[in-house]
Each structure stands twice: as C-alpha cells, then as structure tokens.
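Here's the structure, in structure tokens; my notes come after.
In UniProt numbering, the protein residues as written are 1 to 594.
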C-alpha cells in the first residue's frame, strides 16, 4: 500500500469530502450539490484522463448514472408507490389503525409499529410516513398519545422496515447495484430480511416502550383546528341506516362528525341527512352510510368525464369574495356548472348572522365552499363566480383501481422475490402496468418521481465508480484494514457500520453508500473476509439514520409536526443505533459463519 494516494485517487477523496460538506452545510440544495459533483468528476477526467483512457471516457463515467439500471428501478418503484397512494390501496390499513387507536393506545402503538415495518419493506419510506402522520396527529388531538411521543418511533420503524429488503429504499438498491458492478452476485429481494428481523427483536420493545418515554410531550393548543363544513348526505336505498332512527344512524358515524335530520322527516332516516365535520370525517361518514356528499348522478357524471379525459379529480376550498355573484344565493339556486359542492363553511358574524345551520342557507362573503371537479373546471368555476381558491387541493383517490394497484405491486415484488426476473425488469413492468391501467396518469408521473432523488442517485453512482477506478477505494480500504485487522469479524462489521452511520446521519445516505460500498469490498479482500457481510454492513449503516433530523427526508417531515429539537433525535436515536449495530453485527457473523 502506498503511503499517499495518487492524483486521481486524492481527487476522488477530495470530491467526496466536498460533497459531504455540501450536504452537511445545507446552504446549497441537495440536487445542486449532486449536479456539481457530477460536473466536477466530468471536468476533472476530461482535463486529466485516467491512465490509458481518452478524455471522453471520463464523461461516460460521470454521466452513466442517469442510465444505470438502479436508477430506472428506483424510478419504477416510485411510480408503483404513487399508484398505491392515489388509488387509496393503503386506506383500509389506515382505517383499521385509526379504530385501534381509539380502543387501546398501547396495543395500537405496537400494531402501528409492526404495520409500518411491514409496509416499508416493499413501499418507499416516504409514502408510508405520509399515510401515518395525519392518523397519529388526529389520534393525539382526540386523547391518544401526544404526536411528539409517537412520530419518532414510527419513523424509526419505517426506516428499519426499509432496510429489510433490496427494494425498501433507493439506498439499498444503490448499494446492491454498486456491489454488483464490483463483481458480487445480486441479492434477492428478501435475502437479508431474516438478518434484520433478528435485529428487530430487541429494537421493537425499545421503540414501543422506551422511546416514547425519552421524548417530550410537545402537545400545544392548536390555534386553528381543521375547518368544519356543513354537508348534505344523500343516503342510498341500500344504506344500512335507511329507515333507522337518527340515534341509530349516529352510532355509525366516525368520531367528530355530527348529524341530524331535516325538518318534517318523522325522526327516521330516509333520503337526506344533514351533517357537519371535517372533509375527511364527512368522507368517512359517506362511506360508512353508503351515501354521497353531492347528488349521485352528478358525482358519477364528473367521475365519468374524468375517466374519459384521463384527468384527476380534485377537491378544493374556495372563499366567496366580496364581488362574487354567489352572495345571497343558495347552493340550490346558484347553478354550479362542471363542479359538485360537497360542503360549506359559514363564516359567522356575531349578532348579525341569523342564517339557519343548514348547507342550503344563502351564501355570504367569506363563506368557504368545498367543491370537487377536474382542475380546469375548478379554475373556470373560480373565475366565473368570483371565488378565491385556498392553497393546495386534494386529489380524489381512484378507489376503483385500488385492487388493480395492489395486484400490480404484489406481482412486481413477487416475481423479483422468487428470482424469476430481476427487480429492474419486474419494477419497470409494474410501472408500465400502472400507466396502462390508469392507476397512475402518465402526465402526472412527475408527482411520483423525485428530481432530488434522481440526481442524488446519479451523482452517487458516478462518485462510487470514480472512487473505484481511481484507486481511492483501494487506498482507503487498505488504510482502514490496517486498523481493523486486530478486531474480530463482529468488530470489523460494527466498525464499518458505525463509520457509514456517522456519514449518513450528517450528510447523505446515498453518498455514504457510494463511498462505503467499494471501501468495504476492498477491506474484505485485504482481511480475507467474505465481501457480502461487509457490504451488508454498509447497507445497514446507511439506514441507521435516526440520530439527527438531517439524516433522512422523513426525519425532516416529522420535525415540525412533533415540534422536535435536535436533542430529541439524539436522545432517542443513539440508543437505537447502538442496539441495531450490536444485533446486526452479531447476526451477520452468525448468518455467514465468519
């Protein structure tokens, strides 16, 4: 081993250090740092080509990440995850968890952790967390555990589940693909799942019973609760409450939704019920009572037009402006075109507002309408009737496609896990089927794909390849091997895991994978150890990102919701990292017999 690296190896190490510093500093966006990394490698190898290569070989190395099969696989899995979300395929699991939280907090917490572990094995971590955040926040507001005591443990469970399979996270695919490029065999989807499951045995009780006690109760009064709307529920003829008393019907309503009957109905439910609640609550009430929030024929007409045009349905909140033509009109007399009104929030003026508590009352300035339609129809409605649309808007889940999306996901994962086809092929086939069946609109594919992830993975592939061909990985591997040779195999694995974990918690797990994988490969060669357990130590270390809020995007997503501080991640995350490093190292030694 040379005492100092040569020029190209030293340049690769320097670019890696600058990349890590860029991620840690946070002044530049992740995608900018990634693109600068690619550009630096391309420029360096164009000006100073590798020995025996021309100046264009460096350009191929720098940009080949954009065409790498690992990136295609990651993008395909993003589309599969998008299909699961927009079709509502995960909604039954969410409803079941919500019911459990209302009955037994301790059992619900344990089940939530296990469900998140299982879901994140085959679905990207971010959609799973997006599904869980509103459930946990809502349960906290209804007397459950404070959100600040549940979000970090649930996020940790999602991250652990994500490390359990080759498709759990984009980082896993990156490590596996770099190792394959180095000559190692391909891992099957669930090949190292048993190793992680062993490590979960001590980690799960810690996340369930100890972690919430280490976290503060950051419950605080919410200044503005979710807006409540008045709505008219149209009850279908086959509804389970048709002909029942209002008291019996109320027993079927979700928590937070209040209902009563219009005048002159005789005390029994027939075709109409009036209700008030949040949009989510009213949606759930309509589902449980087999009803709709707008006339059934109108809902079907809008859905049919949406399906024919290939455009998504949206629900938006619109405020009645001072010059709106709707002021003084009722929803019945307003003559809405192309959209369906699902509910209305009446602005109340003390001593002046004498309107009845009904969705059919005349509209006033400041009222908020909840309307459904295609984006262009909503825009025409807003412009024609003098309305102001609030920020955001919610897509309506294409629930009729949920079984199709679920079947496609199971088929894609199943084919790869059985070794019938590589995951790159099965995931791409699944993405194509998501488009072909309408589960994901092709023109909305941009919402499924993360540009940040794409350029980060491409930069990581380029950096990993440059670390290898320049000799930087061999030099660093030899340097670390000279220290690690005195440790037993479990100590070597733990040291590699801690090294990569430190990088991933303060920079980027993709960059840590790009640097760590070739180094681990070289350490294995120099110490005479099998490469697979050392590469898996890198993969696991890249996923042990619980100790800081900047370690992973899901950590940042819960920062505001839980009102967390940096110290909260350290206090609860470091013990979990220690548990996982110890158990994973021991499991790898046992599994590979080293």
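We treat Cβ as the ideally placed atom computed from N, Cα and C, and that holds for glycine.
Which one or two residues does DSSP pair with residue 319 in a beta bridge?
Position 319 of the chain shown, counted from the first residue, corresponds to residue 319. DSSP lists 368 and 388 as partners of residue 319.
Apply the 10 Å Cβ neighbour rule to residue 192 and answer buried if 16 or more other Cβ atoms are within range, or exposed otherwise.
In the chain shown, the residue the question calls residue 192 occupies position 192. Per the 10 Å Cβ criterion, buried.
Residue range of the alpha helix (DSSP H) that residue 548 falls in?
Counted from its first residue, the chain shown places residue 548 at position 548. Where residue 548 is concerned, there is no enclosing alpha helix (DSSP H), given that its DSSP letter is neither H nor E.
Beta-carbon within less than 7 Å of residue 232's beta-carbon, same chain only, minus the 5 sequence neighbours each way: which residues are those?
By 1-based counting over the chain shown, the position of residue 232 is 232. Cβ within range, chain order: 272, 274 and 359.
Please list the terminal residues of the continuous beta strand (DSSP E) segment that includes residue 80.
To locate residue 80, count along the chain shown from 1; it is residue 80. Unbroken run through residue 80 is the alpha helix (DSSP H), 69–86; no beta strand (DSSP E).
Ignore the nearest five residues each way along the sequence and tell me which others in residue 537's own chain have a CB closer than 7 Å to its CB.
Stepping through the chain shown from its first residue, residue 537 is reached at position 537. Here the set comprises 493, 496, 497, 520 and 588.
Could you check where the alpha helix (DSSP H) with residue 93 kicks off and where it finishes?
Indexing the chain shown from 1 puts residue 93 at position 93. Here the alpha helix (DSSP H) through residue 93 covers 91–103.
Put residue 425 into one of helix, strand or coil per three-state DSSP.
Position 425 of the chain shown, counted from the first residue, corresponds to residue 425. DSSP places residue 425 in helix when its eight states are reduced to three.
What does DSSP give as the partner residue(s) for residue 272 in the beta ladder?
For the purposes of this step, residue 272 is taken as residue 272 along the chain shown, with counting starting at 1. DSSP, once it has assigned bridges, lists 234 as partnering residue 272.
Exposed or buried, residue 410, counting other C-beta atoms within 10 Å across all chains shown (16 or more means buried)?
Within the chain shown, residue 410 is the residue found at index 410, counting from 1. That one is exposed.
How is the beta strand (DSSP E) around residue 341 delimited, first residue to last?
The residue given as residue 341 occupies position 341 in the chain shown. Note, residue 341: beta strand (DSSP E), 340–345.
Could you check whether residue 258 and residue 277 sit closer than 8 Å to each other, using their CB atoms as the reference points?
Counting from 1 along the chain shown, the entry for residue 277 is found at position 277. Counting from 1 along the chain shown, the entry for residue 258 is found at position 258. Yes, the pair counts as a contact, with Cβ atoms nearer than the cut-off.
How far does the beta strand (DSSP E) with residue 258 in it reach, from first residue to last?
If you number the chain shown from 1, residue 258 lands on position 258. Element bounds for residue 258: 258–260.
Grab the span of the alpha helix (DSSP H) containing residue 306 for me, first residue to last.
Walking along the chain shown from the start, residue 306 turns up at place 306. Element bounds for residue 306: 296–309.
Helix, strand or coil for residue 595, going by three-state DSSP, please let me know.
Absent from the model: residue 595. The displayed extent of the chain is 1 to 594, so no value can be given.
What are the start and end residues of the alpha helix (DSSP H) that includes residue 583?
If you number the chain shown from 1, residue 583 lands on position 583. Start and end: 566–592.
Buried or exposed: where does residue 296 fall if 16 or more other Cβ atoms within 10 Å of its Cβ makes it buried?
As a working mapping, residue 296 is identified with position 296 in the chain shown. Flag for residue 296 reads exposed.
Would you identify the three-state DSSP class for residue 211, choosing helix, strand or coil?
Translated into positions along the chain shown, residue 211 becomes position 211. Helix.
Going by the CB atoms, is the gap between residue 408 and residue 439 shorter than 8 Å?
For this step, residue 439 is matched to residue 439 along the chain shown. For this step, residue 408 is matched to residue 408 along the chain shown. Yes, these two residues count as a Cβ contact at 8 Å.
Can you list, in chain order, the residues of its chain whose CB lies under 6 Å from that of residue 62, leaving out five sequence neighbours each side?
Locating residue 62 in the chain shown gives position 62, counting from the first residue. Only 38, 41, 42 and 462 meet the Cβ criterion.
Quick one: what's got a C-beta closer than 7 Å to residue 428's C-beta in the same chain, skipping five residues either side?
Here residue 428 refers to the residue found at position 428 when the chain shown is read from its first residue. Taken in chain order, the residues that qualify are 72 and 76.
So, residue 562 versus residue 514, is the Cβ gap smaller than 8 Å?
For the purposes of this step, residue 562 is taken as residue 562 along the chain shown, with counting starting at 1. For the purposes of this step, residue 514 is taken as residue 514 along the chain shown, with counting starting at 1. Cβ atoms of residue 562 and residue 514: not closer than 8 Å.
Are the beta-carbon atoms belonging to residue 34 and residue 470 less than 8 Å from one another?
On the chain shown, position 34 is the one that residue 34 refers to. On the chain shown, position 470 is the one that residue 470 refers to. Going by C-beta atoms, residue 34 is not nearer than 8 Å to residue 470.
Which value, in whole angstroms, describes the spacing of the CA atoms of residue 576 and residue 196?
The residue labelled residue 576 in the question sits at position 576 within the chain shown. The residue labelled residue 196 in the question sits at position 196 within the chain shown. Using only the alpha carbons, I get a separation of about 14 Å.
Quick one, are the C-beta atoms of residue 431 and residue 84 less than 8 Å apart?
Translated into positions along the chain shown, residue 431 becomes position 431. Translated into positions along the chain shown, residue 84 becomes position 84. No, Cβ-Cβ distance for residue 431 and residue 84 is not below 8 Å.
With a threshold of 16 other CB atoms inside 10 Å of the CB of residue 47, please say whether the residue is buried or exposed.
The residue given as residue 47 occupies position 47 in the chain shown. Exposed, by the Cβ-count rule.
May I ask which residues mark the beginning and end of the alpha helix (DSSP H) holding residue 60?
One-based indexing of the chain shown puts residue 60 at position 60. Here the alpha helix (DSSP H) through residue 60 covers 55–63.
Would you kindly check if the distance between the Cβ of residue 567 and the Cβ of residue 505 is under 8 Å?
Position 505 of the chain shown, counting from 1, holds the residue named residue 505. Position 567 of the chain shown, counting from 1, holds the residue named residue 567. For residue 505 and residue 567, no; Cβs fall outside 8 Å.
Assuming residue 287 is part of the alpha helix (DSSP H), what are its boundary residues?
As a first step, residue 287 must be located in the chain shown, where it is residue number 287. Run containing residue 287: 279–288, per the alpha helix (DSSP H) assignment.
Can you tell me the Cα-Cα spacing of residue 578 and residue 210, whole angstroms?
Residue 578 sits at position 578 when you count from the first residue of the chain shown. Residue 210 sits at position 210 when you count from the first residue of the chain shown. Answer to the nearest angstrom: the Cα atoms are 14 Å apart.
Answer with buried or exposed for residue 247, where buried requires no fewer than 16 other C-beta atoms within 10 angstroms of its C-beta.
Stepping through the chain shown from its first residue, residue 247 is reached at position 247. Residue 247 should be labelled exposed.
Just curious, the alpha helix (DSSP H) that residue 244 is in, first and last residue?
Against the chain shown, residue 244 aligns to sequence position 244. Careful: residue 244 lies outside any alpha helix (DSSP H) and carries neither H nor E.
Tell me which residues share the same chain as residue 93 and place their Cβ nearer than 7 Å to its Cβ, disregarding the 5 neighbours each side in the sequence.
Translated into the one-based positions of the chain shown, residue 93 becomes position 93. 115, listed in sequence order.
What did DSSP end up calling residue 420 once you bin it into helix, strand or coil?
For the purposes of this step, residue 420 is taken as residue 420 along the chain shown, with counting starting at 1. Three-state DSSP puts residue 420 in coil, outside helix and strand.
From the DSSP output, which residues share a beta bridge with residue 373?
The residue labelled residue 373 in the question sits at position 373 within the chain shown. DSSP, once it has assigned bridges, lists 314 as partnering residue 373.
Quick one, are the C-beta atoms of residue 151 and residue 545 less than 8 Å apart?
Sequence index remark: in the chain shown, residue 151 carries index 151 (1-based). Sequence index remark: in the chain shown, residue 545 carries index 545 (1-based). Result no, Cβ atoms of residue 151 and residue 545 do not sit closer than 8 Å.
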